[in-house]
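Following this note's numbering, the numbering of the sequence shown begins with 1303 at its first residue and continues without gaps.
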Amino acid sequence: MKEYINIATRKSPLALAQSESVVKVMESKCSDVCFKLMPTSTSGDILKSEEFKLNGGKGLFIKELERLLIDEKADIAIHSLKDVPAEIDSRFDILPVLHRECPQDIMISDKFDSINDIPDGAKIGTSSPRRVSMVKSLIRKVNIVEIRGNVGTRIKKLKTGDCDAIILAAAGMHRLDLKKEITEYLPIETFVPSAGQGILCVEFLKKNDKVRKMVSKINDQIILRCALEERNFIRKISGDCMSPIGVHGYIKQKKATLIGYISDITGKNHIKLKHECNINDFQNAGTKLAEIFIKQGAKKLLEKS
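Here it is as structure tokens:
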């Protein structure tokens, strides 16, 4: 007799595509289990921009899904890791799963081939303070158009002339099979991604050992190590998704690298640093890098944003 596992997920096309990709792999590893998706609307999907900002954006895309876990209506919840606060309720655990999709930001435009071609006065669509600060550091007199909603909604705003270009995460475009829409991939050294960008994660009740064993079968240890250090950086800085903060870790052969970025909202004042070490010394690199940022005035920059 098959066992049933209920999976909480957001209702957006991207969230469903991501959850289906996780389910597909879990089914291949757990043939005796039947996985059922439970699409759910979250506060992050419903709130208007101003309400979203007042709440700091913190946890708004996961709150309702966590409630389903607490009420034991769902066994696991699937999130984009970048939507999960660095500090989570002690009743839960999260594990990154599958491979990391492209972590870069991308630009889409019908008018410009490169972000470096965009002139003063152009309208750039994004709702991310991190991306706003980075765009403003490149184009001083840019007009930022705040856009929220799913990927399709944002592309539509570009096509209808609300924006001259929009900035999005490459991962979402890839997972929705929309690579052909991408005009330019933005370099990580310039547009440092959000913590966890490109990574999917599974959240579950800490006491649920059965689910932990199941999820561990599709966990990538290299991605886990990078995710931990990116989140350690955010935790130490006390940042959230409404802060102009970027951090990205990667491991190549035996070398580990962590790049951090913190800015005020104008993009004029920012700190960008890189930490490189042997893979064996990577543990707590996020905390150590954050401490250097704090000594250089990072928290004062965030207060201005």
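Think of the CB as a built atom: it goes at the ideal place given N, C-alpha and C, for glycine as much as any other residue.
Taking the alpha carbon of residue i as the point to measure from, which residue in the options has its own alpha carbon closest?
i	options	result
Glu-1366	Glu-1505, Lys-1601 and Lys-1554	Glu-1505
Glu-1578	Gly-1562, Ile-1567 and His-1572	Gly-1562
Cys-1332	Lys-1481, Val-1434, Tyr-1306 and Leu-1507	Tyr-1306
Phe-1584	Asp-1385, Gly-1551 and Thr-1344	Gly-1551
Phe-1595	Ser-1314, Ile-1581 and Ile-1573	Ile-1573
Arg-1533	Ala-1317, Lys-1590 and Asp-1464	Lys-1590
Asn-1510	Val-1386, Asp-1419 and Ala-1379	Ala-1379
Glu-1605	Leu-1560, Pro-1546, Asp-1373 and Lys-1597	Pro-1546
Lys-1326	Ile-1490, Ile-1520, Lys-1557 and Lys-1597	Ile-1520
Ala-1310	Arg-1442, Ser-1343 and Cys-1404	Ser-1343
Lys-1482	Ile-1457, Glu-1491, Gly-1463 and Ile-1490	Ile-1457
Gly-1548	Lys-1557, Glu-1329, Leu-1397 and Pro-1405	Pro-1405
Short check: CB of residue i to CB of residue j, under 7 Å?
i	j	result
Ala-1388	Arg-1537	yes
Ala-1587	Ile-1564	no
Leu-1400	Leu-1502	yes
Ile-1417	Ala-1472	no
Gly-1427	Lys-1459	yes
Thr-1485	Ile-1410	yes
Ile-1469	Ile-1441	no
Could you pull the DSSP bridge partners for residue i from this structure?
i	result
Phe-1506	Asp-1395
Cys-1404	DSSP, once it has assigned bridges, lists no residue as partnering Cys-1404.
Asn-1308	Lys-1338
Ala-1471	Asp-1407
Val-1549	Gly-1562
Asn-1580	Lys-1557
Lys-1458	DSSP output for Lys-1458 lists no bridge partner at all.
Ala-1317	Ala-1317 is not bridged to any residue.
Ser-1435	Partner(s): none; Ser-1435 has no beta bridge.
His-1476	According to DSSP, His-1476 bridges with nothing at all.
Determine the direct distance from the alpha carbon of residue j to that of residue i, and round the result to whole angstroms.
i	j	result
Lys-1512	Ala-1319	25 Å
Ala-1424	Lys-1461	15 Å
Ile-1446	Ser-1429	9 Å
Gly-1451	Tyr-1487	21 Å
Pro-1431	Ile-1581	31 Å
Leu-1371	Asp-1412	43 Å
Ser-1496	Val-1444	22 Å
Leu-1603	Asp-1542	14 Å
Lys-1576	Val-1494	11 Å
Ile-1525	Ile-1364	21 Å
Val-1335	Lys-1304	5 Å
Please go through the same chain and pick out, in chain order, the residues whose beta-carbon is closer than 6 Å to the beta-carbon of residue i, but skip the five residues on each side of it.
i	result
Ala-1592	Phe-1535, Lys-1538 and Ile-1539
Ser-1439	Gly-1569
Asn-1308	Lys-1338, Met-1340, Ala-1376 and Asp-1377
Leaving aside the five residues before and after residue i along the sequence, list all residues of the same chain whose C-beta is less than 7 Å from its C-beta, in chain order.
i	result
Leu-1316	Asn-1452, Val-1453, Gly-1474, Arg-1477 and Leu-1478
Lys-1508	Arg-1393, Phe-1394 and Asp-1395
Ordered along the chain, which non-local residues of its own chain (more than five positions away) have a Cβ less than 8 Å from that of residue i?
i	result
Cys-1465	Lys-1425, Ile-1426, Gly-1427, Val-1447, Ile-1449 and Lys-1459
Lys-1391	Position check: residue 1391 holds Asp in this sequence, whereas Lys was assumed. Counting only Cβ-Cβ distances below 8 Å, and skipping sequence neighbours, we find Glu-1368.
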